[in-house]
Each structure stands twice: as structure tokens, then as C-alpha cells.
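Top to bottom, those sequences are chains U and F. Residue numbers for the first sequence follow the numbering used here, beginning at 1 and rising by one. Residue numbers for the second sequence follow the numbering used here, beginning at 1 and rising by one. Heads up, the beta-carbon is just placed ideally off N, CA and C, and yes, glycines get one too. From a predicted model like this one, the values you see are computed outputs, not experimental measurements. Worksheet for the structure shown next.
There are 2 protein chains.
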Amino acid sequence: MLNEKLLEVLLHPADGEVAIVTQGIDGPHVINTWNSYVNITPDGRMLIPAGRMNKTEKNIEGNHLVKLTIGNREVQGLSYKGTGFLITGTAKFIKDGAEFNIMKTKFSWIRAVLEITIETSVQTL
Amino acid sequence: MLNEKLLEVLLHPADGEVAIVTQGIDGPHVINTWNSYVNITPDGRMLIPAGRMNKTEKNIEGNHLVKLTIGNREVQGLSYKGTGFLITGTAKFIKDGAEFNIMKTKFSWIRAVLEITIETSVQTL
Numbered sequence: 001m002l003n004e005k006l007l008e009v010l011l012h013p014a015d016g017e018v019a020i021v022t023q024g025i026d027g028p029h030v031i032n033t034w035n036s037y038v039n040i041t042p043d044g045r046m047l048i049p050a051g052r053m054n055k056t057e058k059n060i061e062g063n064h065l066v067k068l069t070i071g072n073r074e075v076q077g078l079s080y081k082g083t084g085f086l087i088t089g090t091a092k093f094i095k096d097g098a099e100f101n102i103m104k105t106k107f108s109w110i111r112a113v114l115e116i117t118i119e120t121s122v123q124t125l
Numbered sequence: 001m002l003n004e005k006l007l008e009v010l011l012h013p014a015d016g017e018v019a020i021v022t023q024g025i026d027g028p029h030v031i032n033t034w035n036s037y038v039n040i041t042p043d044g045r046m047l048i049p050a051g052r053m054n055k056t057e058k059n060i061e062g063n064h065l066v067k068l069t070i071g072n073r074e075v076q077g078l079s080y081k082g083t084g085f086l087i088t089g090t091a092k093f094i095k096d097g098a099e100f101n102i103m104k105t106k107f108s109w110i111r112a113v114l115e116i117t118i119e120t121s122v123q124t125l
């Protein structure tokens, strides 16, 4: 699910914004993180540091489906410079264990790790 | 509603991704555009070129509330370099008239203009 172009975006030195969308009972909710904050596990899950994300956590307790957009204006896309991905997946908050501890050493301010298991990843641009 | 920091993000030479979220009957929908594509009218509306955006258009026919996130890693935020905004508003697709024509001269590939009337704009970072 993680192709080379997406990794190129995530590893690009010109950092960009990731949008993370969940379904709330009062409508969709959207928060952001940075491309450089997204860690990829060997089996292709995304681990994202969570400082607040309280409403996102509440929403996924009701509906664990999430959508993410990730892009970078400096990476060559399908038809011009600038590419973007739409990722769908399922989310879970991790608050202890080995993966939480590794993330905590990288991001001391986290209260949890948002784990995304990717279902689909589409290059939109 | 359009403070100087948001304008700094929109006008920054290091372009970034905007996420535009709508509510569909099948869940939230998210698309992207670039900061540099967002035009601000003298009265503070956002005009965004629409090439496709067919599902976004369909969604706003049912529910015209939208959420946008806009940010830039290079612009000083509340506590470090990197800032972001969460904007809520109402959306409409414009397919003719003076504002459509002006946008068409700037973006020849558009089929419509997505007009956002801002309700709230919050600096989140």
C-alpha cells in the first residue's frame, strides 16, 4: 500500500501538512499533522504522534474509519510538480507498549499514538 | 476573518496543501488544493478553482457546510515554526459571472469556482 512516491512525500525535506478526517456525530472533523511526523512501520502501518486529538479519538470510538490526505508541492506528480495522496484506513489510539515507547522517545510531548492501518492509498495528483 | 497570519500562509512562496472537507451521505469526503490557488475577494470570501470536485459539489448540494485546513511549515506558528488554520464556512459552486471569468483567466482548466464564505477561522498551531 505504501508506494515509493508516497514515501518520497513523507521523507521530503520540505515538510507539508497531513489532514486527518474522522466522522463525528455532529459532522466531519479534520485535524493536521506534518509529513515528517508520520512514521511507517515495517508492515506498513502509520504511527502518528498525538498531543491532543481528543475529538479525533472520541470520533474513532464511534467510527474507526479515517481518511488522510498527504502531499507535497515539490514532488513530481502525475502531470506536474506537486503530488497528493488520499489514504483510507482504520484508526486506533495506542497508549502503551513498544511502539508507543519508541514514538515517545522521538516526540516527548505525546499522550498517545494514532495508528492507521491503510486500506487504500490513491495518488490523486 | 482573514488575519495577517493566514494571508502570510496563503501568499508564502513555499506552497502547501489545503484540505477541503464535506459531509457525504456515505461519510466525510476530503479533497486538496494548493495554498497558491486560493484567491481572496475584497470582502473576504475564498475563491478556489475547481477542475473536478464532482463529489464535493454533490455533497454541498445536500449540506453546504465545509471545513478547510490550511498551513505552512515555514511560517511561524503559536509556539514553533509551522502554523495551521481550521476554517469553517459555507460553500457554493459558481459557473458563470464576473468572478468565474476572472478565475478562468488565471486557471484555464477550471469547470467552476468553489466559493467559500468563511464563518470561523482558528489558528490551531
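Contact holds between the region 92 to 101 of chain U and the region 50 to 65 of chain U, because three or more Cβ pairs, one in each stretch, are under 8 Å apart. If you draw a straight line from the Cα of A112 (chain U) to the Cα of H29 (chain F), it is about 26 Å long. Short of 8 Å from the beta carbon of K106 (chain F), and not among the five residues preceding or following it, lie these beta carbons of its own chain, in chain order: N39, P49. For I31 (chain F), the closest Cβ of chain U is nearer than 9 Å. When rounded, the separation of the alpha-carbon atoms in L10 (chain F) and S121 (chain F) is 14 Å.
Residue contact with chain U for V21 (chain F): present (Cβ-Cβ distance below 9 Å to some residue of chain U).
Burial state of N35 (chain F) is buried, judged by a 10 Å Cβ sphere holding 16 or more other Cβ atoms. Residue state for A91 (chain U) is assigned as strand, using DSSP reduced to three classes. Closest in C-alpha terms to K5 (chain U), from the list U:G71, U:K104, U:I118, comes U:G71. L65, K67, T69, G71, R73: these are the residues of the region 50 to 74 of chain F whose beta carbon lies less than 7 Å from some beta carbon of chain U, given in chain order. No Cβ-Cβ contact shorter than 9 Å links Y37 (chain U) with V21 (chain U). The beta-carbon distance between L65 (chain U) and Q23 (chain U), rounded to whole angstroms, is 7 Å. This is short enough to meet the 8 Å contact definition.
Inside the region 89 to 124 of chain F, DSSP marks whole alpha helix (DSSP H) runs of 4 or more residues at positions 98 to 106, from first to last along the chain. Non-local beta-carbon contacts of T41 (chain F) in its own chain, meaning distances under 8 Å to residues more than five positions away in sequence, involve L47, E99 in chain order. DSSP places G84 (chain F) within a strand segment (E or B) once states are collapsed to three.
Sequence-distant partners of G51 (chain U) (beyond 5 residues in either direction) whose C-beta falls short of 7 Å from its own C-beta, in its chain, are W109, I110, R111. When 7 Å is used as the limit between beta carbons, D15 (chain U) is near these residues of chain F: R73, in chain order.
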